[in-house]
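Asks:
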Amino acid sequence: MEINNVSSEIIKPSSPTPQHLKTHKLSVLDQVAGDSLFPIILFYPQTCSNNTSLNKTSDLLKRSLSQTLTLYHPFAGRLKDEFSIDCDDTGATFIEARAAASDMSEIVKQPTVDMLEQLMPYKLNEKPSVAVNLAAKVTYFEHCGGMALCVCFSHVIADITTAANFIKTWVTFASGSDTSSEDDDVIKHAVFGCSSIFPPQKFSSFSRNVISENHSNSAEILTKRFIFDGDKIAALKEKMGSESSSGYHPTRVEAVSAIILGGIMSVEKQADDFNHSHLVASIAVNLRNRVNPPIPEQSIGNIVQAGIAKLPIEKKTIDYRNLAETLHKSIEKINDEYLRKFHADGGFLSNMNDVLEGLFDKNCRWFTISAWCRRPLYEADFGWGKPAWVSTVMKHKDVAVLLDSSDGKGIEAWVALPKKDMAKFEQDSGILRYASIDTSLI
Numbered sequence: 016m017e018i019n020n021v022s023s024e025i026i027k028p029s030s031p032t033p034q035h036l037k038t039h040k041l042s043v044l045d046q047v048a049g050d051s052l053f054p055i056i057l058f059y060p061q062t063c064s065n066n067t068s069l070n071k072t073s074d075l076l077k078r079s080l081s082q083t084l085t086l087y088h089p090f091a092g093r094l095k096d097e098f099s100i101d102c103d104d105t106g107a108t109f110i111e112a113r114a115a116a117s118d119m120s121e122i123v124k125q126p127t128v129d130m131l132e133q134l135m136p137y138k139l140n141e142k143p144s145v146a147v148n149l150a151a152k153v154t155y156f157e158h159c160g161g162m163a164l165c166v167c168f169s170h171v172i173a174d175i176t177t178a179a180n181f182i183k184t185w186v187t188f189a190s191g192s193d194t195s196s197e198d199d200d201v202i203k204h205a206v207f208g209c210s211s212i213f214p215p216q217k218f219s220s221f222s223r224n225v226i227s228e229n230h231s232n233s234a235e236i237l238t239k240r241f242i243f244d245g246d247k248i249a250a251l252k253e254k255m256g257s258e259s260s261s262g263y264h265p266t267r268v269e270a271v272s273a274i275i276l277g278g279i280m281s282v283e284k285q286a287d288d289f290n291h292s293h294l295v296a297s298i299a300v301n302l303r304n305r306v307n308p309p310i311p312e313q314s315i316g317n318i319v320q321a322g323i324a325k326l327p328i329e330k331k332t333i334d335y336r337n338l339a340e341t342l343h344k345s346i347e348k349i350n351d352e353y354l355r356k357f358h359a360d361g362g363f364l365s366n367m368n369d370v371l372e373g374l375f376d377k378n379c380r381w382f383t384i385s386a387w388c389r390r391p392l393y394e395a396d397f398g399w400g401k402p403a404w405v406s407t408v409m410k411h412k413d414v415a416v417l418l419d420s421s422d423g424k425g426i427e428a429w430v431a432l433p434k435k436d437m438a439k440f441e442q443d444s445g446i447l448r449y450a451s452i453d454t455s456l457i
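Heads up, the sequence shown is in this note's numbering, so the first residue is 16 and it goes up one at a time.
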């Protein structure tokens with residue numbers, strides 16, 4: 016597949032940022048998130064038919080992006096230091112590309128990291144020549160009339176909720192909706208600083224290297240998409256619920272996560288050395304509704320904290336219900352009381368250090384789950400219909416990103432593992448029973 020960039024420009028906010036909003040203070044949760052870019056890719060079939068319509072589409076995207084940046088001014092700024100963003104209206108990157116001889120269905124039917132990476136403004140391991148907090152790339156598939164829009168967000172100021180709200184606001188401007196509507200909470204509460212709730216801290220005593228080593232990029236990592244059908248998930252949830260003596264009923268994410276974690280355990284049990292006694296599962300938990308009073312859903316930043324479950328790897332048959340329930344308990348533990356104690360007197364870093372030091376040892380394997388489900392990404396209609404497929408791409412070791420399928424019932428899991436483990440993971444009985452690979456979506 017050959018994709019050629021035809022233009023690149025910097026999009027500035029349509030109105031200058033007021034002086035009193037020129038500095039966006041980071042929270043400690045922003046600080047530990049890192050400054051890498053994470054992509055969301057939206058695929059639209061039959062969008063444009065000729066150069067005139069292509070130009071109109073690009074103009075609309077750029078104009079409405081400029082308006083959106085006025086409300087999300089930190090995304091047009093630059094990282095000043097470890098404590099703040101300078102909202103200087105420098106702008107966001109916007110790239111236009113053409114895929115003259117390629118059909119979009121080639122990507123959607125059997126997506127690979129290499130294919131999806133070509134749709135990004137920058138490659139996954141590439142550092143932009145100019146540091147940006149947001150970059151977008153629109154790729155027109157001239158052969159079929161389809162279009163892919165990839166939006167990359169800096170993790171230092173955005174979690175998936177922030178990113179989804181940014182796209183929703185962008186869509187609102189592009190579609191010409193009334194942005195003054197009282198019901199449009201995305202517009203009313205576009206910017207909300209959480210640094211007062213989770214104050215930034217100095218990192219002299221925090222072991223960043225422990226996390227970075229576990230999530231380092233490598234040529235030996237293989238990323239694949241596993242599709243969990245909605246009916247199979249429903250049956251799995253019902254089975255788990257019937258087996259629980261406590262009345263526990265799993266969510267879609269918990270049920271699918273249990274199957275994935277069971278697959279990782281199966282891989283470990285097949286290892287020649289079998290030297291990991293535990294699997295440490297980390298899942299990002301949205302804190303917005305877990306504190307009192309709640310933080311507005313439209314708040315900007317990384318308003319997430321990890322729920323962590325330490326799971327024994329045993330020779331006996333894997334109990335998926337127990338895995339799901341243990342993960343559920345680690346999530347439910349993160350409530351207002353827990354968060355206030357964890358962050359009291361600026362103790363987040365020392366408390367997190369204690370947690371990490373107790374878990375990162377040679378006998379534990381760490382696996383991270385990021386659930387992007389129940390976000391309105393499939394509602395992103397800029398004026399040419401809703402996306403047929405929403406995706407992401409990553410190369411981090413031992414990570415799974417979960418997204419809704421297009422029908423809202425199933426889940427697509429992007430799983431990244433060392434190459435030596437992926438073949439075993441694909442053959443795990445739970446994965447074979449509940450998931451499929453490379454299913455066409457368009």
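Where a beta carbon is used, it is the ideal one built from N, C-alpha and C, also for glycine.
#1: Along the chain, where does the alpha helix (DSSP H) that runs through residue 185 open and close?
#2: What did DSSP end up calling residue 108 once you bin it into helix, strand or coil?
#3: Assign residue 156 to buried or exposed, taking buried as 16 or more other Cβ atoms, counted over all protein chains shown, within 10 Å of its Cβ.
#4: Using DSSP with H/G/I as helix, E/B as strand and the rest coil, what is residue 20?
#5: Is the distance from the Cβ of residue 339 to the Cβ of residue 265 below 8 Å?
#6: Look at the alpha carbon of residue 297 and the alpha carbon of residue 80, and state the distance between them as a whole number of angstroms.
#7: The beta strand (DSSP E) that contains residue 303, what's its start and end?
#8: Using DSSP bridges, identify the partner residues of residue 155.
#9: Give the straight-line distance between the Cα atoms of residue 210 and residue 52, rounded to the nearest whole angstrom.
#10: How many Å lie between residue 204 and residue 436 at the Cα?
#11: Could you name the residues of the same chain whose beta carbon sits closer than 7 Å to that of residue 198, not counting the 5 residues immediately before and after it, in chain order?
#12: Taking the CB atoms as reference points, tell me whether residue 275 and residue 415 lie closer together than 8 Å.
#13: Helix, strand or coil, according to DSSP, for residue 30 in the structure here?
#14: Spatial neighbours of residue 22 within its chain, please: C-beta separation below 6 Å, excluding the five flanking residues on both sides.
#15: Measuring CB atoms only, is the region 280-288 touching the region 429-444, in the sense that at least three cross pairs come out at less than 8 Å?
#16: Hey, residue 91 and residue 28 are a contact pair by Cβ (cut 8 Å); roughly how many whole angstroms apart?
#17: Leaving out five residues on either side along the sequence, give the residues of the same chain with a beta carbon under 7 Å from the beta carbon of residue 357.
#18: Residue range of the beta strand (DSSP E) that residue 59 falls in?
#19: To test your reading of the DSSP string, which unbroken beta strand (DSSP E) runs of 3 or more residues are found completely within the region 302-374?
#20: Starting from the N-terminal side, write out each stretch of the alpha helix (DSSP H) that is 4 residues or longer and does not extend beyond the region 426-451.
#21: Do the region 240-250 and the region 328-343 make contact, defined as three or more Cβ pairs closer than 8 Å?
#22: Report yes if the C-beta distance between residue 133 and residue 18 is below 8 Å; otherwise report no.
#23: Nearest to residue 127 by alpha carbon, out of 236, 447, 189?
#24: Look up residue 416 in the DSSP assignment and give the residues it is bridged to.
#25: Who does residue 405 pair with in a DSSP beta bridge?
#26: Taking C-alpha atoms, which residue in 441, 403, 429 lies nearest to residue 423?
#27: Which residue marks the beginning of the alpha helix (DSSP H) containing residue 251, and which one marks its end?
#28: Go ahead and label residue 224 buried or exposed: buried means 16 or more other beta carbons lie within 10 angstroms of its beta carbon, across all protein chains shown.
#29: I need the straight-line Cα distance from residue 77 to residue 257, nearest angstrom please.
#30: Cα separation between residue 220 and residue 444?
#31: Using CA atoms only, rank isn't needed, just tell me which of 38, 33, 432, 42 is closest to residue 241.
Replies: Concretely, from the data shown:
#1: That run of the alpha helix (DSSP H) goes 175-189.
#2: The three-state secondary structure of residue 108, taken from DSSP, is strand.
#3: Residue 156 is buried by the Cβ-count criterion.
#4: Reduced to three states, the DSSP call for residue 20 is strand.
#5: Yes, Cβ-Cβ distance for residue 339 and residue 265 is below 8 Å.
#6: Between the C-alpha atoms of residue 297 and residue 80 there is a straight-line separation of about 34 Å.
#7: Segment: none, residue 303 is in no beta strand (DSSP E) and carries neither H nor E.
#8: DSSP output for residue 155 lists 113, 162 as bridge partner(s).
#9: When the Cα atoms are used, residue 210 and residue 52 turn out to be separated by approximately 21 Å.
#10: Model confidence at residue 204 stands at a pLDDT of 49, short of 50, so the residue's coordinates are unreliable; what they give is reported in the following sentence. Near 44 Å, if we compare the C-alpha coordinates of residue 436 and residue 204.
#11: Reliability of the predicted coordinates at residue 198 is poor, the pLDDT of 43 falling under 50, and no value is obtained from them.
#12: Cβ atoms of residue 275 and residue 415: closer than 8 Å.
#13: Of the three classes helix, strand and coil, the one that applies to residue 30 here is coil, per DSSP.
#14: Closer than 6 Å at Cβ, skipping near neighbours: 111.
#15: With the cut-off at 8 Å, the region 280-288 and the region 429-444 touch.
#16: Their Cβ separation, rounded to whole angstroms, is 5 Å, which keeps residue 91 and residue 28 in contact under 8 Å.
#17: Annotation for residue 357: 363, 366 place their beta carbon closer than 7 Å to its own, counting only its chain and skipping 5 residues before and after.
#18: Segment 52-59, the beta strand (DSSP E) holding residue 59.
#19: Runs found: 319-327.
#20: Counting whole runs of 4 or more residues, the region 426-451 contains the alpha helix (DSSP H) stretches 434-441, 444-449.
#21: The region 240-250 is not in contact with the region 328-343.
#22: Result yes, Cβ atoms of residue 133 and residue 18 sit closer than 8 Å.
#23: Of the candidates 236, 447, 189, the one whose C-alpha sits nearest the C-alpha of residue 127 is 236.
#24: Looking at the DSSP assignment, residue 416 forms a beta bridge with 385, 429.
#25: Answer is 57, bridged to residue 405.
#26: Residue 403 is the option with its Cα nearest to residue 423.
#27: Residues 245-258.
#28: The predicted position of residue 224 is uncertain, since its pLDDT is 44 and thus under 50; no value can be drawn from it.
#29: Answer to the nearest angstrom: the Cα atoms are 52 Å apart.
#30: Since pLDDT at residue 220 reaches only 47, below the 50 mark, its modelled position is unreliable, and the value read off the structure follows with that caveat. One alpha carbon belongs to residue 220, the other to residue 444, and they sit about 43 Å apart.
#31: Answer by Cα proximity: 432.
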